[in-house]
Each structure stands twice: as structure tokens, then as C-alpha cells.
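There are 2 protein chains.
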Amino acid sequence: MKHDLQIAETTCDGAQVLAALAALANPHRLRIVARLADGERHYVSQLAREIGISRPLLHLHMQKLLEAGLVTSRLELSDDGKALNYLELAPFHLSLTAESIRHCVKSLPAPGDTGE
Amino acid sequence: MKHDLQIAETTCDGAQVLAALAALANPHRLRIVARLADGERHYVSQLAREIGISRPLLHLHMQKLLEAGLVTSRLELSDDGKALNYLELAPFHLSLTAESIRHCVKSLPAPGDTGE
DNA sequence: TTCATGTGTAAGGTTTTTCTTACGCATGAA
DNA sequence: TTCATGCGTAAGAAAAACCTTACACATGAA
């Protein structure tokens, strides 16, 4: 069985939780995720039109979702030879509670720490 | 029975979800929440010392948590007459999935909309 | 070739967030 | 009074996020 990206439950990597939160804390990116969850397949130019934002802007937001691991991308060749970049949701479940936060904050680098 | 601030499950106010995400998407604020969940009571000057940040900085982050409704504050008078501002966690449960996001994005104002 | 489609990214400006320093005001104790 | 504690907030710098415009490259079709 394939597991979802279970965030903040058992694994509890503070940095990962933080990345997911930052990635989702934006209206455009929430809309992107929402679209990608509608059962259809979407490539980036198409998705940009659907959401009503420019392609470079979508690319920027897409990048954050990719880096957080919430979205994956796959380049495909269409029938007429165009290279289409299809986006897919990485199934995730972010479950946050004061208690779960208390737990996963322990794995956060200290305030002045650079993580080295 | 008193309910938690159930975010993104049934209520699904897009703006509220967004506010909660933005409020939590910061390492200092995660630490604040974590501290407030340790069972002790904390007033702001004390909390700032515990976390290791300046009081004005804590005040700033505190503000975001207050506005998102994740934290409440209550002014109390100590035995020696000082006014202490005690912070408390509003019990919350943020459960986010692609599907739940798809649902609550519907209640988000349109991209160019100012919400009026 | 020219056009319409797709891909990416760099440069620059605006806006927001983040943080520090410096105020001002109140209290009780020394 | 002076000091240590608590409270809040304003002003300005620094950093990060956000967004637009413009570029470069590829393909198939007209």
C-alpha cells in the first residue's frame, strides 16, 4: 500500500511541516492545489489559463509546491509533438494540532542556528 | 461540549484557512504555539525570554496568531500589582488534504477581487 | 518563413514580512 | 527618587515574497 505524505503526525519533521505550511499559505497556490484535485490532468500553460494568472507567475508558485513535495511534474510529448509539463498532486494529509506542533517543533533548528 | 476551532473540515472558510496557514508558516510562531501547549501558563515577557527573542518581536508574531484566532490573551494583575498578559491557545485542529482544499477554495474571493 | 503553441528563466520593481531600536507609560520595591 | 519589572507601539532598515515584462528555445501547421 502506498502511503500519503503524512505531515505532522508520526514523522514530524519540523522543517517539512514548515515548508508545507509556507507552500499552502497563499491563495494562488491553494487554487492550484484545488484545480489539481479535480480529477483532470493539467499541464502548466493550461492550468495558468484556468486559474487566470500568467504562466511565469504560475511557474513561480508551482516551484514552491514542488519544493515542498506537494506536487510533482512530468514532461510528456503530446500527439502533435509539443512538450507538455503535466502536474500531479502528491497525496498528502497535513493534520495540525497544538499537540502535534509541540512535538514536531523539537526537530526545528534553534533560532540562531543555520542548520549546520 | 466545547468544540475545537475545526479548520478546513466542515466549516471550510477559505479566508480563515488561509489566515491559519499564514499564521503557522513561521518558525517563531510554531515555537510560540509549542510553548503555549506545554501545560504551563505564559505571559508575554516571560514567553519572549523562554523562546529567546525580543519582546517587540514576540508581540509582532503574537499579533498574527491572535488575528488568526489560534491564540487568545488575557490581562491579569499579579500579586505585586504588575499587569501580566497571559496567552492561551485556542484549541484548534487544522486538517488539510487536497480534497478539503478543493472544497474550501470555493469560498475564496476571486483573484482580482478585493472581497467587497 | 511565419504563426501559434508549448517550455523555461532572467531582470527589475512593488509589496509584504520580518526584525531592531527606541520610545512612552505603569507598578512595587529599595 | 531610582531601579527593575511589566505593558504597548512607532519608525525605519533589511530581507523575503510576489508579480510583470521580456527574452530564448522548441515544435507542428499554414
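From first to last, the protein sequence lines are chains F and E.
For the first sequence, this note's numbering assigns the number 2 to the initial residue and increments by one for each residue that follows.
For the second sequence, this note's numbering assigns the number 2 to the initial residue and increments by one for each residue that follows.
For glycine and all other residues, C-beta sits at the position ideal for the given N, C-alpha and C.
Report the CB separation of residue i from residue j in whole angstroms; it is logged as a contact under 8 Å.
i	j	result
E/D5	E/S108	Not confirmed; about 20 Å, so no contact.
E/L78	E/L37	Contact flag wrong, Cβ pair sits at about 21 Å.
E/V72	E/A84	18 Å between Cβ atoms; not a contact.
E/L22	F/L67	Between F/L67 and E/L22 the Cβ distance is about 18 Å, and since that is not below 8 Å, they are no contact.
E/L48	E/L31	Going by Cβ atoms, the distance from E/L48 to E/L31 rounds to 14 Å, so no, they are not a contact pair.
E/H94	E/Q17	Between E/Q17 and E/H94 the Cβ distance is about 13 Å, and since that is not below 8 Å, they are no contact.
E/A35	F/V34	Rounded, the Cβ-Cβ distance is 26 Å, inconsistent with contact.
Taking all protein chains shown into account, decide if residue i is buried (16 or more other Cβ within 10 angstroms of its Cβ) or exposed.
i	result
F/S46	exposed
F/T98	buried
F/S101	buried
F/R103	buried
F/L25	buried
F/L19	buried
F/A69	buried
Against chain E, with Cβ distances strictly below 8 Å, would residue i count as a contact?
i	result
F/L6	no
F/G70	no
F/A84	no
F/P1	No information on residue 1 of chain F is available, as it lies outside the stretch 2 to 117 that chain F covers here.
F/T73	no
F/L58	no
Any beta-carbon of chain F closer than 8 Å to the one on residue i?
i	result
E/E41	no
E/P28	yes
E/R103	yes
E/S96	yes
E/L78	no
E/L66	no
Using DSSP with H/G/I as helix, E/B as strand and the rest coil, what is residue i?
i	result
F/H4	coil
F/E89	strand
F/L22	helix
E/A84	strand
E/R75	strand
F/L109	coil
F/S55	coil
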